[in-house]
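A.B. asks: Can you read through this structure? Questions will come right after.
There are 2 protein chains.
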Amino acid sequence: MRVFYSPDHLRHDPKSFIFRGKVVDSPEKPERAEVLLKALSAAGHRIETPKQHGTAAVEAVHDAGYLAFLKDGYRAWQGLPGASAEIVPNVHPGRNMATLRAHPVAQAGWYVADTACPVGEGTWMGALAAVDCALSATEAVVAGERAAYGLCRPPGHHAYADQAGGFCLLNNVAVAAEVAARAKGRVAILDVDVHHGNGTQGIFWRRPDVLFVSLHADPAVYYPFYAGYAEETGADAGAGATFNLPLPPGTGDDAYLSALSRALDRIRAFQPEVLLISLGFDAAADDPLGVLKISTEGFRRIAVAIEALGLPAILIQEGGYLAASLGPNAVAFLSAFER
Amino acid sequence: MRVFYSPDHLRHDPKSFIFRGKVVDSPEKPERAEVLLKALSAAGHRIETPKQHGTAAVEAVHDAGYLAFLKDGYRAWQGLPGASAEIVPNVHPGRNMATLRAHPVAQAGWYVADTACPVGEGTWMGALAAVDCALSATEAVVAGERAAYGLCRPPGHHAYADQAGGFCLLNNVAVAAEVAARAKGRVAILDVDVHHGNGTQGIFWRRPDVLFVSLHADPAVYYPFYAGYAEETGADAGAGATFNLPLPPGTGDDAYLSALSRALDRIRAFQPEVLLISLGFDAAADDPLGVLKISTEGFRRIAVAIEALGLPAILIQEGGYLAASLGPNAVAFLSAFER
Numbered sequence: 001m002r003v004f005y006s007p008d009h010l011r012h013d014p015k016s017f018i019f020r021g022k023v024v025d026s027p028e029k030p031e032r033a034e035v036l037l038k039a040l041s042a043a044g045h046r047i048e049t050p051k052q053h054g055t056a057a058v059e060a061v062h063d064a065g066y067l068a069f070l071k072d073g074y075r076a077w078q079g080l081p082g083a084s085a086e087i088v089p090n091v092h093p094g095r096n097m098a099t100l101r102a103h104p105v106a107q108a109g110w111y112v113a114d115t116a117c118p119v120g121e122g123t124w125m126g127a128l129a130a131v132d133c134a135l136s137a138t139e140a141v142v143a144g145e146r147a148a149y150g151l152c153r154p155p156g157h158h159a160y161a162d163q164a165g166g167f168c169l170l171n172n173v174a175v176a177a178e179v180a181a182r183a184k185g186r187v188a189i190l191d192v193d194v195h196h197g198n199g200t201q202g203i204f205w206r207r208p209d210v211l212f213v214s215l216h217a218d219p220a221v222y223y224p225f226y227a228g229y230a231e232e233t234g235a236d237a238g239a240g241a242t243f244n245l246p247l248p249p250g251t252g253d254d255a256y257l258s259a260l261s262r263a264l265d266r267i268r269a270f271q272p273e274v275l276l277i278s279l280g281f282d283a284a285a286d287d288p289l290g291v292l293k294i295s296t297e298g299f300r301r302i303a304v305a306i307e308a309l310g311l312p313a314i315l316i317q318e319g320g321y322l323a324a325s326l327g328p329n330a331v332a333f334l335s336a337f338e339r
Numbered sequence: 340m341r342v343f344y345s346p347d348h349l350r351h352d353p354k355s356f357i358f359r360g361k362v363v364d365s366p367e368k369p370e371r372a373e374v375l376l377k378a379l380s381a382a383g384h385r386i387e388t389p390k391q392h393g394t395a396a397v398e399a400v401h402d403a404g405y406l407a408f409l410k411d412g413y414r415a416w417q418g419l420p421g422a423s424a425e426i427v428p429n430v431h432p433g434r435n436m437a438t439l440r441a442h443p444v445a446q447a448g449w450y451v452a453d454t455a456c457p458v459g460e461g462t463w464m465g466a467l468a469a470v471d472c473a474l475s476a477t478e479a480v481v482a483g484e485r486a487a488y489g490l491c492r493p494p495g496h497h498a499y500a501d502q503a504g505g506f507c508l509l510n511n512v513a514v515a516a517e518v519a520a521r522a523k524g525r526v527a528i529l530d531v532d533v534h535h536g537n538g539t540q541g542i543f544w545r546r547p548d549v550l551f552v553s554l555h556a557d558p559a560v561y562y563p564f565y566a567g568y569a570e571e572t573g574a575d576a577g578a579g580a581t582f583n584l585p586l587p588p589g590t591g592d593d594a595y596l597s598a599l600s601r602a603l604d605r606i607r608a609f610q611p612e613v614l615l616i617s618l619g620f621d622a623a624a625d626d627p628l629g630v631l632k633i634s635t636e637g638f639r640r641i642a643v644a645i646e647a648l649g650l651p652a653i654l655i656q657e658g659g660y661l662a663a664s665l666g667p668n669a670v671a672f673l674s675a676f677e678r
């Protein structure tokens with residue numbers, strides 16, 4: 001399969017993550033992409049550098065003020081006496097306040113929902129490089145490839161049109177889906193990352209032409225906590241075009257595949273022209289953040305079932321943290337599209 | 340003046356504060372109340388222990404789910420593997436998500452707007468003790484005293500009906516204002532803390548019988564950033580009953596007193612039965628968090644001007660951090676009501 005990888009992801013190298021009240025190292029490490037690259041290269045996939053796409057496709061999905069913050073916020077933050085090396089929000093408008101001005105602390109808390117996505121000097125260029133990978137994979141599929149893979153890092157599916165969250169800055173799969181929808185018509189996004197793709201859901205919440213389907217650990221006990229419930233099904237013209245399948249912690253291969261068959265039925269019924277896959281490997285049994293129990297053979301079976309839809313498929317890397325199974329799981333998944 | 344002080348404030352002893360991306364000591368230290376107590380005692384004020392009021396008055400102002408979180412959240416948080424010693428939020432629902440479940444991390448980010456108000460084992464009892472001080476001062480004034488002072492700690496004016504923020508858990512002045520309004524009719528709240536009293540404003544936003552007037556450093560460049568602007572004037576039946584006077588950083592005594600005269604004109608026109616004063620001393624020139632330049636003589640002049648309204652006055656302690664002027668400023672302010 002054509003694999004799009006950009007070394008520019010290394011420019012985004014977040015250091016801190018506040019977890020349960022303690023400052024810890026960020027698990028969204030650059031090494032994640034290097035592990036995936038090495039494993040896929042060794043498995044014979046064709047590694048390509050994406051072309052640079054500029055910002056037009058990103059602007060079609062994201063809020064202009066948010067993009068200005070991602071691009072220029074770091075410099076403003078550095079002008080604050082005593083500021084940390086990367087932007088970490090500490091005050092938030094919450095549900096009771098609604099005025100945004102230019103102060104760097106106000107911008108940080110407005111545009112960043114949590115402490116998992118520090119913005120550093122290279123974040124904007126790193127995030128754009130991830131979008132480039134997603135867009136080059138999309139162009140390959142729009143041009144006729146059966147499947148292509150964007151080795152995107154940082155991930156994207158928690159990013160809303162106007163807010164970062166959960167290691168995600170720009171929503172790679174949403175930007176790709178918008179481009180694919182404009183080129184081909186109806187598209188479906190299937191999110192198999194262990195976390196609910198709340199940002200993607202939010203971006204397409206009112207859209208009838210983009211089906212969003214997500215399998216994920218139950219948000220009642222897991223990030224993102226405030227979204228991803230089965231009763232969320234879209235609104236307005238998009239009513240019914242969101243489908244969430246929350247799974248209990250501990251879910252293994254067989255129960256996952258059973259839920260997946262419901263997801264695939266929904267996708268078939270939608271009759272999309274193209275499928276986008278938000279491809280996290282953090283449902284793996286040994287993932288350090290995960291709570292599901294998917295094996296490498298499980299990831300292969302999941303991919304085989306998805307491939308059997310017969311749809312052109314754009315694979316977009318989401319989460320999946322440093323674990324022994326990370327490379328093998330990616331190889332197993334992509335192999336199903338190489339038959 | 341009768342001064343209500345409870346040693347139970349010591350039960351709330353927050354340790355951490357994330358400021359511009361770095362974990363620092365909380366400046367909202369128990370010593371603040373001890374400094375005020377010592378200075379006022381030495382100046383001859385009568386120190387009294389408040390009576391315990393239970394939770395009915397608090398329940399009249401605050402959301403039931405929020406109160407349950409303050410009361411029981413700490414135990415649930417302690418059940419999380421690897422959790423910190425006090426509750427510090429790290430994920431927030433923001434403007435894009437709206438479902439709350441019971442998980443401790445979800446509760447923390449829903450009910451706490453920023454990283455300045457950690458909830459520890461003694462927070463609930465400490466916050467209730469502050470409310471007791473406010474309520475005993477209120478009862479003294481309702482019963483006929485010219486003025487009384489609640490030496491409240493933790494402070495309260497940033498706390499919304501359903502959310503903590505800015506060192507504040509329970510909104511002492513709002514609870515007191517509600518009791519005073521029920522007993523006497525129309526009341527006015529004058530907030531002279533250096534920070535906008537966003538929580539108090541939110542609680543009475545739609546109320547025609549409670550005037551909220553605040554002088555504070557311009558939120559465009561200062562906490563709470565997202566509220567406190569001059570264009571915020573209340574809504575529905577409360578339209579016109581909110582009056583904000585943001586002041587430029589560096590404002591000194593004379594410019595402050597000039598703005599104060601506008602605030603007092605508004606209060607006179609409202610014709611309240613009782614005045615509540617959200618009394619922060621963090622506008623002091625030497626306050627470690629403050630950005631205004633009020634002198635001790637300035638605080639005396641401010642108090643003299645307020646006293647000249649001739650209204651029964653309930654003084655509720657808000658902010659003001661450890662600084663050489665803290666005790667003298669409190670003594671100077673209270674002296675104006677002792678003529």
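Protein chains in written order, with the working numbering: chain L, 1 to 339; chain C, 340 to 678.
Idealized CB from N, CA, C, for every residue including glycine.
#1: Taking CB distances under 8 angstroms as the criterion, tell me whether glutamate 636/C reaches chain L.
#2: Starting from serine 136/L, trace the alpha helix (DSSP H) in both directions and tell me its first and last residue.
#3: List the whole-angstrom C-beta distance separating valine 333/C from valine 397/C, where the pair is believed to meet the contact cut-off of C-beta under 8 angstroms.
#4: What do you reckon, are the CB atoms on threonine 233/L and phenylalanine 225/L nearer than 8 angstroms?
#5: Pick helix, strand or coil for leucine 586/C, following the three-state DSSP scheme.
#6: Beta-carbon separation of aspartate 72/L and aspartate 162/L under 8 angstroms?
#7: Under 7 angstroms Cβ-Cβ, which residues of chain C neighbour alanine 220/L?
#8: Out of curiosity, what's the CA-to-CA distance linking glutamate 373/C and proline 353/C?
#9: Please report whether the beta-carbon of glycine 250/L lies at a distance below 8 angstroms from any beta-carbon of chain C.
#10: Which residues bound the beta strand (DSSP E) around phenylalanine 564/C?
#11: Please tell me whether isoleucine 528/C has its Cβ less than 8 angstroms away from any Cβ of chain L.
#12: Is the beta carbon of alanine 237/L less than 8 angstroms from the beta carbon of leucine 211/L?
#13: Is any beta-carbon of chain L found at less than 8 angstroms from that of phenylalanine 620/C?
#14: Alpha carbon to alpha carbon, what distance is there between leucine 409/C and glycine 280/L?
#15: Determine the burial state of leucine 311/L: buried for a count of at least 16 other Cβ atoms within 10 Å of its Cβ, exposed for fewer.
#16: So if DSSP puts valine 549/C in a beta bridge, which residue, or which two residues, is it bridged to?
#17: Counting only C-beta atoms, is proline 224/L closer than 8 angstroms to chain C at any point?
#18: Report the CB separation of glycine 320/L from aspartate 287/L in whole angstroms; it is logged as a contact under 8 angstroms.
#19: For my contact list, valine 173/L and threonine 200/L are in at a C-beta cut-off of 8 angstroms; report their separation, rounded to the angstrom.
#20: Tell me, please, which residues DSSP counts as bridged to serine 355/C.
#21: For proline 432/C, which residues in chain L fall below 7 angstroms Cβ to Cβ?
#22: Which class does lysine 293/L belong to by DSSP, given the choice of helix, strand or coil?
#23: Inspect the beta-carbon positions of threonine 115/L and asparagine 429/C and report whether they are closer than 8 angstroms.
#24: Apply the 10 Å Cβ neighbour rule to alanine 663/C and answer buried if 16 or more other Cβ atoms are within range, or exposed otherwise.
#25: Rounded to whole angstroms, what's the CA-CA distance from isoleucine 653/C to glutamate 387/C? Just pull it up for me.
#26: Just to make sure I have the definition right: I need the residues of chain L whose C-beta is within less than 7 angstroms of the C-beta of threonine 454/C. Which are they?
#27: When DSSP builds the beta bridges, which residues end up paired with tyrosine 160/L?
#28: Which residues in chain C sit within 8 angstroms of leucine 80/L, going by Cβ to Cβ distance?
#29: Does the beta carbon of valine 291/L sit closer than 8 angstroms to a beta carbon anywhere in chain C?
#30: Can you give the beta carbon distance from glutamate 517/C to valine 342/C, rounded, assuming they're within the 8 angstroms contact cut?
#31: What ranges does the beta strand (DSSP E) occupy inside the region 382-417 of chain C, keeping only unbroken runs of at least 3 residues that lie completely in it?
#32: Listing by chain order, which chain C residues have their CB less than 8 angstroms from the CB of tyrosine 229/L?
#33: Compare the C-beta of alanine 415/C against all C-beta atoms of chain L and say whether one is closer than 8 angstroms.
#34: If contacts are defined as beta-carbon pairs under 8 angstroms, then isoleucine 294/L and alanine 308/L qualify, I think. What distance do you get, rounded to the angstrom?
#35: Measure the Cβ-Cβ separation of leucine 247/L and leucine 292/L and say whether it is below 8 angstroms.
C.D. replies: With the structure as the only source:
#1: no
#2: 123-142
#3: This structure cannot speak to residue 333/C, because chain C is shown only from 340 to 678.
#4: no
#5: DSSP places leucine 586/C in strand when its eight states are reduced to three.
#6: no
#7: Arg440 and His442
#8: 16 angstroms
#9: no
#10: First-last for phenylalanine 564/C: undefined, no H or E at that position.
#11: no
#12: no
#13: no
#14: 36 angstroms
#15: buried
#16: Val526/C
#17: Cβ-Cβ to chain C under 8 angstroms: yes for proline 224/L.
#18: 7 angstroms
#19: 6 angstroms
#20: Answer by DSSP bridge pairing, in chain order: Asp364/C.
#21: Near proline 432/C (Cβ distances below 7 angstroms), the residues of chain L are Tyr226.
#22: strand
#23: yes
#24: Only exposed fits alanine 663/C, as fewer than 16 other CB atoms lie within 10 angstroms of its CB.
#25: Rounded to whole angstroms, isoleucine 653/C and glutamate 387/C show a C-alpha spacing of 15 angstroms.
#26: Asn90
#27: In the DSSP assignment, the residues bridged to tyrosine 160/L are Gln163/L.
#28: Arg359
#29: no
#30: The pair is not a contact, with the Cβ atoms about 22 angstroms apart (cut-off 8 angstroms).
#31: 385-387
#32: Thr438
#33: no
#34: That pair is no contact at about 18 angstroms.
#35: yes
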